[in-house]
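All remarks here apply to the structure that follows.
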């Protein structure tokens, strides 16, 4: 069933005081319901069999609740966005250097882009994915933030980092015409149109999900984590699916739930989950598991996905339930499709998001005096 149906079933179980002992939750749902979950800090610290230090960096950030200190989940698999590039288009380029920084990639993309006699682009240097995700990834990799701090009460999208990233993207797309997006269509049509451009030789590469790997031919495609920005290290977003346990179950059931969570988190099981789902393992030691190591040897692009998760940061959680996300989506459309003035687009998005945050937190504070 859908995530929404699962959440409704969980809420009904809570009301009846018969919740399941263990649940698999998206990270933002874990944050939404964290008061109903048992803290796991003691188990992380005291269970020698668990080896918390082995968990990949981006997944480690996802384990915590909104206070940044209480651990509520065990990461089971993770996702992020990475760079998929045509090997022939980037032949002769130092891949590590080129994909270390967005400014380096833009320089290469300008050289790789091909235009016809009328100046129209016929081969694109890069295709970001439509939407706000690639923008926030780049902003964070430039040292910026979605929220000003961990309280998630304020946004400031007119900082130097936001202006620089969005201005460059607008220039690369609309002025230089070395990058473009596909948008609209039904469902994920825009996503598959982007993949087709790269696979069929109309673009040098695109930014896509680690889950795309089953749709790509890695005899012609390479994979790399997202670049840093203007000298800053890569800090793309990641989200992890978390195993959690309700706090109302008794200690015997909690112990059993913890044993099952450890089982799902073990390197051999992690490897099986990753190879069948297309997502990414959450432990570095999975590479030592013989079965998974053999899979990685046949699919070396997986290493780039693991590297990406290890350097990623926790995907922000919108406390308003979607209004901040909506403001960012509107920003992406204004920049990527409508070619708005950058400062105007950022100002409109910031005002929209801040108004929603102010309303949400005013109601929250009034109800929690």
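Numbering (this note's numbering), first residue to last: 527 to 895.
All C-beta atoms, glycine included, are put in the ideal place defined by N, C-alpha and C.
These numbers come from a predicted model, not from an experiment.
**Prompt:** Exposed or buried, what is residue 761 when buried is set at 16 or more other beta-carbons lying within 10 Å of its beta-carbon?
**Reply:** Reading the chain shown from its first residue, position 235 is the one you call residue 761. Buried, by the Cβ-count rule.
**Proximity to residue 597 [Cα-Cα], best of 742, 553, 830** = The residue you call residue 597 lines up with position 71 of the chain shown. Taking the Cα of residue 597 as reference, the smallest distance to any Cα among 742, 553, 830 is reached at 553.
**Request:** Rank 531, 589, 862, 648 by C-alpha distance to the C-alpha of residue 563 and give the top, closest one.
**Result:** Within the chain shown, residue 563 is the residue found at index 37, counting from 1. That would be 589, whose Cα lies nearest to the Cα of residue 563.
**Message:** Can you tell me whether residue 561 is buried or exposed? The criterion is at least 16 other CB atoms within 10 Å of its CB, across all chains shown.
**Reply:** What you label residue 561 is simply residue 35 of the chain shown in a count that begins at 1. When all chains shown are included, residue 561 counts as exposed.
**Request:** Tell me whether residue 504 sits in a helix, a strand or coil according to DSSP, three-state version.
**Result:** Summary: the structure shown does not reach residue 504, with the chain confined to residues 527 through 895, and so no result is reported for it.
**Prompt:** Smallest Cα separation from residue 566: which of 555, 542, 548, 583?
**Reply:** Indexing the chain shown from 1 puts residue 566 at position 40. That would be 548, whose Cα lies nearest to the Cα of residue 566.
**Message:** Just to confirm before moving on: does the CB-CB distance between residue 788 and residue 817 stay below 9 Å?
**Reply:** Position 262 of the chain shown, counted from the first residue, corresponds to residue 788. Position 291 of the chain shown, counted from the first residue, corresponds to residue 817. Taking C-beta atoms as the reference points, residue 788 and residue 817 fail to come closer than 9 Å.
**Item:** The beta strand (DSSP E) enclosing residue 565, as first and last residue numbers
**Value:** Taking the chain shown and counting its residues from 1, the one referred to as residue 565 is at position 39. For residue 565, there is no enclosing beta strand (DSSP E), since its DSSP letter is neither H nor E.
**Request:** Buried or exposed for residue 739, please, with buried defined as at least 16 other CB atoms from any protein chain shown within 10 angstroms of its CB.
**Result:** What you label residue 739 is simply residue 213 of the chain shown in a count that begins at 1. Residue 739 should be labelled buried.
**Prompt:** In the segment 648-695, which residue ranges form an unbroken alpha helix (DSSP H) of at least 4 residues, counting only runs that do not cross its ends?
**Reply:** If we require 4 residues or more, the alpha helix (DSSP H) runs fully inside the segment 648-695 come out as 659-667.
**Asked** In chain order, what residues of the same chain have a beta carbon less than 6 Å from the beta carbon of residue 570, not counting five sequence neighbours either side?
**Response** In the chain shown, counting from the first residue as 1, residue 570 sits at position 44. The residues are 578, 597.
**Item:** With 16 other Cβ atoms within 10 Å as the buried cut-off, status of residue 714
**Value:** Position 188 of the chain shown, counted from the first residue, corresponds to residue 714. Residue 714 comes out exposed.
**Request:** Locate the alpha helix (DSSP H) running through residue 860, then write down its first and last residues.
**Result:** Within the chain shown, residue 860 is the residue found at index 334, counting from 1. Segment 849-862, the alpha helix (DSSP H) holding residue 860.
**Asked** Within this structure, are the beta carbons of residue 869 and residue 699 separated by less than 9 Å?
**Response** In the chain shown, the residue the question calls residue 869 occupies position 343. In the chain shown, the residue the question calls residue 699 occupies position 173. Taking 9 Å as the Cβ cut-off, residue 869 and residue 699 do not qualify as a contacting pair.
**Sequence-distant residues of the same chain with beta carbon closer than 6 Å to residue 837, five excluded per side** = For the purposes of this step, residue 837 is taken as the residue at position 311 of the chain shown. Taken in chain order, the residues that qualify are 760.
**Item:** Separation of residue 581 from residue 810, as counted between CA atoms
**Value:** Numbered from its first residue, the chain shown carries residue 810 at position 284. Numbered from its first residue, the chain shown carries residue 581 at position 55. For residue 810 and residue 581, the distance between alpha carbons rounds to 6 Å.
**Item:** Where the beta strand (DSSP E) containing residue 757 begins and where it ends
**Value:** Against the chain shown, residue 757 aligns to sequence position 231. Boundaries for residue 757: no beta strand (DSSP E) harbours it, and the DSSP string shows neither H nor E there.
**Message:** Since residue 755 and residue 830 should fall inside the 8 Å C-beta cutoff, what is the C-beta to C-beta distance between them, to a whole number of angstroms?
**Reply:** Residue mapping note: residue 755 aligns to position 229 of the chain shown, counting from 1. Residue mapping note: residue 830 aligns to position 304 of the chain shown, counting from 1. Their Cβ separation, rounded to whole angstroms, is 18 Å, which puts residue 755 and residue 830 out of contact at 8 Å.
**Message:** Can you list, in chain order, the residues of its chain with a C-beta nearer than 7 Å to that of residue 546? Leave out the 5 residues immediately preceding and following it.
**Reply:** Stepping through the chain shown from its first residue, residue 546 is reached at position 20. If we look at residue 546 and ignore the five residues flanking it on each side, its Cβ neighbours are 539.
**Request:** Assign residue 826 to buried or exposed, taking buried as 16 or more other Cβ atoms, counted over all protein chains shown, within 10 Å of its Cβ.
**Result:** Residue mapping note: residue 826 aligns to position 300 of the chain shown, counting from 1. Counting Cβ neighbours within 10 Å, residue 826 comes out exposed, since fewer than 16 surround it.
**Prompt:** Going by alpha carbons, who is nearest to residue 616 out of 894, 649, 576?
**Reply:** Taking the first residue of the chain shown as position 1, residue 616 is located at position 90. Of the candidates 894, 649, 576, the one whose C-alpha sits nearest the C-alpha of residue 616 is 649.
**Request:** Tell me whether the beta-carbon of residue 721 lies closer than 9 Å to the beta-carbon of residue 702.
**Result:** Start at 1 with the first residue of the chain shown, and residue 721 comes out as number 195. Start at 1 with the first residue of the chain shown, and residue 702 comes out as number 176. One thing to note: residue 721 has its Cβ no nearer than 9 Å to the Cβ of residue 702.
**Request:** Please say whether residue 764 and residue 606 have beta carbons closer to each other than 9 Å?
**Result:** Here the question's residue 606 lines up with position 80 in the chain shown. Here the question's residue 764 lines up with position 238 in the chain shown. Contact: yes.
**Message:** So, for residue 806: in the same chain, excluding its five sequence neighbours on each side, which residues have a beta-carbon less than 7 Å away from its beta-carbon?
**Reply:** Residue mapping note: residue 806 aligns to position 280 of the chain shown, counting from 1. Result list for residue 806: 603, 604, 605, 736, 800, 831, 832, 835, in chain order.
**Message:** Looking at the secondary structure, which residues open and close the alpha helix (DSSP H) in which residue 793 lies?
**Reply:** Walking along the chain shown from the start, residue 793 turns up at place 267. For residue 793, the uninterrupted alpha helix (DSSP H) segment begins and ends at 793-803.
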